[in-house]
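Taking it in order: structure first as structure tokens, then the write-up.
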Amino acid sequence: MNTWIAIGATVVGCYAVKLAGLLVPAGVLERPLVRRLAALLPVALLAALTAQQTFADGQTLVLDARAAGVAAAGVALVLRAPFLLVVAAAVVVTAGVRALGG
Amino acid sequence: MTEETAFADIRADDGDKPDAAVVRDALGVGVAVGLSGFAFGVTSAGSGLTLPQTCLLSLLVFTGASQFALVGALAGGGNPVTAAAGALFLGVRNAFYGLRLSQVLALPRAVRPFAAQWVIDETAAVALAQPTRRAARIGFAVTGLSLYVLWNLTTLLGALGAEAIGDTDAWGLDAAGPAVFLALLAPMLRTGTERTVAGLAVVLGLGLLPVLPAGVPVLVAALAAPAVLWARGRRGTGDR
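Protein chains in written order, with the numbering used here: chain A, 697 to 798; chain B, 8 to 247.
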């Protein structure tokens, strides 16, 4: 049930912000500070999410095979690999490290 | 993931561009990113969401980062409100794409509620990079359609595949989520401001994880954005 509540809220909220951009007069959101904040908000969220999903196990921090996988994704990004290859590198390296570690 | 292209050279003045070239660009983006719905399907199923829940997210939310954030938060035991809030904050950038797009595409009011669902990173990047309104409209429509169809198909296949595989962690598939976030984040880290925000957000997100309820640390980490902006403003070093 909780999952459905979260899904419903996300569906409605995400559609609403998309539509808002197309409907509101340009001047409202075009203030430099607002635009700057909107550009930085995803940076903060994505950085925190990347770190958490790499190192979190419930509410404890751990260093496991995922760290190696995400590091491989980082290398792939530096080498300008396409999106799918970046994700594939993370998955393959994580699986490999786990297989080696038992 | 393509924010820098979205905001660069909206009107590169290279005159007319053949429709076929626009379609080719749009399909390139639509197909490449559309296929990554597979990673979402697998991650969502691995996070414990059912097949209908996973597919509904791709059909109705249709903005990748928010979808990954939501299923990640739910898997981490977050309550539905904080999980949805994190996903929604990530979706806010689409409003700013919409602003740009509404000027460039000049859509009739009746069409806007339907076009809105396709207002995402990739459609904005392709449409805003086109030299003419006609090219922008074609780019938006072709990117939107190809990405929407593929993203939903591969979501379904990924979720079915995850059920067939069983233990998705053994296959390293739990690393797909953070890798997607990293790939979305990397092109945004252009200046010192972005890197400072990202660094502070990592510290907050990891440091608060053991002490705050699940889902809340990410929301607190979002405050890194206004905090850094405020600090830069006080020092008078706006670097853009």
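Built from N, CA and C at the ideal position, the CB exists for glycine as well.
Anything in the segment 765-788 of chain A with a Cβ closer than 7 Å to a Cβ of chain B? List those residues in chain order, please. 765, 766, 769, 770, 773, 778, 779, 780, 782, 783, 786, 787 and 788
What's the gap between the Cα of residue 92 of chain B and the Cα of residue 766 of chain A? Locating residue 92 of chain B in the second sequence gives position 85, counting from the first residue. Locating residue 766 of chain A in the first sequence gives position 70, counting from the first residue. Distance between the alpha carbons of residue 92 of chain B and residue 766 of chain A: 25 Å.
At the level of alpha carbons, what is the spacing between residue 23 of chain B and residue 107 of chain B? Here residue 23 of chain B refers to the residue found at position 16 when the second sequence is read from its first residue. Here residue 107 of chain B refers to the residue found at position 100 when the second sequence is read from its first residue. For residue 23 of chain B and residue 107 of chain B, the distance between alpha carbons rounds to 20 Å.
What is the DSSP secondary structure of residue 181 of chain B, reduced to helix, strand or coil? Along the second sequence, read from residue 1 onward, the residue named residue 181 of chain B stands at position 174. Helix.
Give me the residue from A:791, A:706 and A:792 with the minimum Cα distance to residue 66 of chain B. Stepping through the second sequence from its first residue, residue 66 of chain B is reached at position 59. Closest by alpha carbon: A:706.
Does DSSP put residue 56 of chain B in a helix, in a strand, or in coil? Position 49 of the second sequence holds residue 56 of chain B. In this structure, residue 56 of chain B counts as coil in the three-state DSSP scheme.
Under a CB-based cut-off of 8 Å, is residue 717 of chain A close to chain B? Taking the first sequence and counting its residues from 1, the one referred to as residue 717 of chain A is at position 21. Interface residue, yes.
Going by beta-carbon coordinates alone, are residue 737 of chain A and residue 229 of chain B separated by less than 8 Å? Residue numbering aside, residue 737 of chain A sits at position 41 when the first sequence is read from its first letter. Residue numbering aside, residue 229 of chain B sits at position 222 when the second sequence is read from its first letter. Yes; because the gap between Cβ atoms is below 8 Å, this pair is in contact.
Starting from residue 124 of chain B, find everything on chain A with Cβ-Cβ shorter than 9 Å and list it in chain order. As a working mapping, residue 124 of chain B is identified with position 117 in the second sequence. Under the 9 Å cutoff, chain A gives 711, 714 and 715.
Based on Cα-Cα distance, which residue from B:95, B:201, B:54 and B:112 lies nearest to residue 138 of chain B? Translated into the one-based positions of the second sequence, residue 138 of chain B becomes position 131. Taking only the C-alpha atoms, the option nearest residue 138 of chain B is B:112.
Taking a cut of 9 Å between CB atoms, which residues from the segment 745-758 of chain A lie near chain B? 745, 746, 747, 748, 749, 750, 751, 752, 754, 755, 756 and 757
Whole-Å CB distance - residue 40 of chain B paired with residue 154 of chain B, under 8 Å assumed: Within the second sequence, residue 40 of chain B is the residue found at index 33, counting from 1. Within the second sequence, residue 154 of chain B is the residue found at index 147, counting from 1. The Cβ separation is near 6 Å, so the contact holds.
Counting only runs of 4+ residues fully inside the segment 750-779 of chain A, write out the alpha helix (DSSP H) ranges in chain order. 761-774
Within the chosen definition, does the segment 163-178 of chain B reach the segment 139-154 of chain B through at least 3 CB pairs nearer than 8 Å? no
Alpha carbon to alpha carbon, what distance is there between residue 178 of chain B and residue 158 of chain B? The residue you call residue 158 of chain B lines up with position 151 of the second sequence. The residue you call residue 178 of chain B lines up with position 171 of the second sequence. Going from the Cα of residue 158 of chain B to the Cα of residue 178 of chain B covers about 22 Å.
Out of B:30, B:43, B:36 and B:240, which one is the CA nearest neighbour of residue 163 of chain B? The sequence position of residue 163 of chain B within the second sequence is 156, counting from 1. Comparing Cα positions, the closest option is B:43.
Neighbour flag for residue 143 of chain B against chain A, beta carbons, 8 Å: Sequence index remark: in the second sequence, residue 143 of chain B carries index 136 (1-based). No, because no Cβ of chain A sits closer than 8 Å to the Cβ of residue 143 of chain B.
Who are the neighbours of residue 159 of chain B on chain C, taking C-beta pairs under 9 Å? This model lacks chain C altogether, as its protein chains are A and B.
Can you pull the chain A neighbours of residue 60 of chain B, defined as C-beta to C-beta under 7 Å? Numbered from its first residue, the second sequence carries residue 60 of chain B at position 53. Here the neighbours are 699 and 703.
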